[in-house]
C-alpha cells in the first residue's frame, strides 16, 4: 500500500520512479527538516526584527544598517561562523525620511497620502502655499511661470484616470498555470536580437522627454518652489514609491517632491483646473548620510566537514534592502527571513554539511543588483570579460528567494535543463505542500542573475504571487501584516532541504556552458 501511494504521488507530480531512483533523497533528513521548519519555526520572529524593528531599509540608510547589524549578530548566535558585513564597493549617499506631513487646508482640511521621493530634500520646516498648475510641453512654455512659483506647491497636468481591476488583488498559481510552466521548452541560446537604432522615432521621443524632465526639474529648483506633487502609481490608497534624485555623492540638488496617492493627486488637480483655490501645508524632513559611501552584504557560514568537499560552497540568499514607503516586508524581508531560517533549521537539527553552506543577504538590489554583482565580481569573475577566479570552480549552486511572501511552488532552472531531474526528485517529498513544478524557463530581475552571468548555477524559486505585484511591491502597503506565516515556513523548509541535498550529493550541480562575453563597444 505504501509503495502504491508513493508511485501515485510521483505520477501526480510528473516524476517517474526511475528519475527518483537516479537521485538520492534522504527521507529521514527531510523529516527532521520538516519537523523543525514547520513546527518550531522562528521565521516570523526574524521577519519582525527585519521589518517592524529595523524599519525601512533603503540602500545606505540607517534602517538597512540596523537590519544588517542584527542579522550578523543573530546568525552568529545561531552558531554560524564568519558572520560579518562584507563591503562590495562604493554605493553612494544614504537617505531616510524623518518627518512627513502634508495636507490640503483650503477649500477644507484633508491630510493627503504622500511619500517623499527617495534622495530628495525636505521643506526645511513647515511651509504653506497655494497649489499652482504648471503645464509645459517645451522649455519655452516655462517662461510664463518665471518669478511666479517661489514658495508655491506645484502640480502637473495629467490625463490619467484611476481604473478598477476586475481581478483579485491576491492570487496563487493554478494547476493549469503550473502545468504550462512545467511544459516550457528552452529557447535556443544566442537567438536573434533586435537591432538597436539610436535614431529611431521611439528613441528620439525618449531623449526629448528626458531632456524636458531635466529642464523642468532645474527650472523648478531655480524658481525656489516649495514642493512638487507627483502622481504615484496605485489605487485605493496604495502608493508605489520611486526615487526623485540620484544617490551619487556628486548628484546635483533637486527640489522637494512628494509621490502622492492617485486619489489625492487627482482631487487636487480637478480643483485647481476648475479655478478653485487650493492651499496646502507641508513639513517634510529628510536626511542624507555620506559618512560611509560603501555598500555591504551580510555573509555567514556553516563550514563543511568532508575533507574532499569542504572547499566547495553552496550559497543561499536574498536582498535585504527595500524601498522606503513601508518596511519592505514582502520585498524582501520575506526572502531574507526565509534564508536565515533555512540556516537556523540546518544548524538546529545538528547537520554537519559535507560542503560549506554560505548565506548572503544583499544590499542595493533595488538599484541594480549591486550587492550581488559586486560580490560575484570579487569572488567569481567578471561577466564583461568572462575572466574567472579560482572560487568560480568551487561554487556548487546559488539559491535565491525574492518574489514576495508566497509559498514555493517549484523552481526555475534558468535554462540549466540537466538540473531538472535532480530538483524534481528533491521536490517530491513536498508535493503535499504544493511544491512540484520545475521549469526550464527563468524569472528575471533579481540576484540569481549575477551568478548566472559568470556561468554559475543560480536559481530562483517559483512562488505564489499573492498580492505582491498588485498591492505590496515597492508600496506603502509592504508591511509585516502582509506576510503569510504558513507560506514562509513552507519556503524555509524546502530551501533547507535543497541545501542539505546539494551538500550531500556526490557531484556538484550540473552547469550550463559558459556565457559568451558581450562584444566590446566600438571605438569612438
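Residue numbers (the working numbering): 40 to 563. C-beta: ideal position from N, C-alpha, C; glycine also.
Pick from 166, 62, 375: whose alpha carbon is nearest that of residue 566?
-> Within the shown structure, residues of the chain are numbered from 40 to 563, placing residue 566 beyond reach of any answer.
Do you know whose CA, among 84, 82, 110, 476, lies nearest residue 340's CA?
-> 110
What residues match up with residue 318 in a beta bridge as DSSP calls it?
-> 145, 169
Counting only the same chain and skipping the five closest in sequence on each side, list residues whose C-beta sits under 8 Å from that of residue 315.
-> 146
Specify, as a first and last residue, the run of the beta strand (DSSP E) that residue 125 falls within.
-> 120-129
Pick from 460, 363, 477, 511 that is closest to residue 444, judged by C-alpha positions = 511
Endpoints, the alpha helix (DSSP H) within which residue 114 is located = 101-116
For the beta strand (DSSP E) that contains residue 357, what are its first and last residues?
-> 352-358
Since residue 78 sits in a beta bridge, which residues does DSSP pair it with?
-> Beta-bridge pairing links residue 78 to no other residue.
In angstroms, rounded to a whole number, what distance separates the CA positions of residue 143 and residue 284?
-> 25 Å
Which listed residue (372, 298, 205) has its alpha carbon closest to that of residue 518 | 372
What does residue 328 pair with, by DSSP beta-bridge criteria?
-> 133
Nearest residue (CA-CA) to residue 125, options 262, 417, 431, 463 = 417
Exposed or buried, what is residue 290 when buried is set at 16 or more other beta-carbons lying within 10 Å of its beta-carbon?
-> exposed
Buried or exposed by the 16-neighbour rule on C-beta atoms within 10 Å, applied to residue 553 | exposed
Can the beta-carbon of residue 64 be found closer than 8 Å to that of residue 467?
-> yes
Report all residues from its chain with a CB closer than 6 Å to the CB of residue 46; omit the five preceding and five following residues, and keep chain order.
-> The predicted position of residue 46 is uncertain, since its pLDDT is 38 and thus under 50; a value taken from the coordinates is nonetheless stated next. Within the same chain, residue 46 has no close Cβ partners at all.
Distance cut-off 7 Å: residue 506 Cβ against heavy atoms of the ligand PLP | The ligand content of the structure shown is nil, which means the ligand PLP is not present either.
Three-state class that DSSP yields for residue 507 in the structure shown | helix
Looking at residue 488 and residue 337, is the spacing between their C-beta atoms short of 8 Å?
-> no
Straight-line gap, residue 324 to residue 453 (C-alpha atoms, nearest Å) = 44 Å
Rounded to whole angstroms, what's the CA-CA distance from residue 393 to residue 456? Just pull it up for me.
-> 25 Å
Whole angstroms is fine: what's the gap from residue 161's alpha carbon to residue 154's?
-> 11 Å
For residue 367, the nearest candidate out of 343, 521, 430, 199 (CA to CA) = 521
Return helix, strand or coil for residue 404, following the three-state DSSP convention.
-> helix
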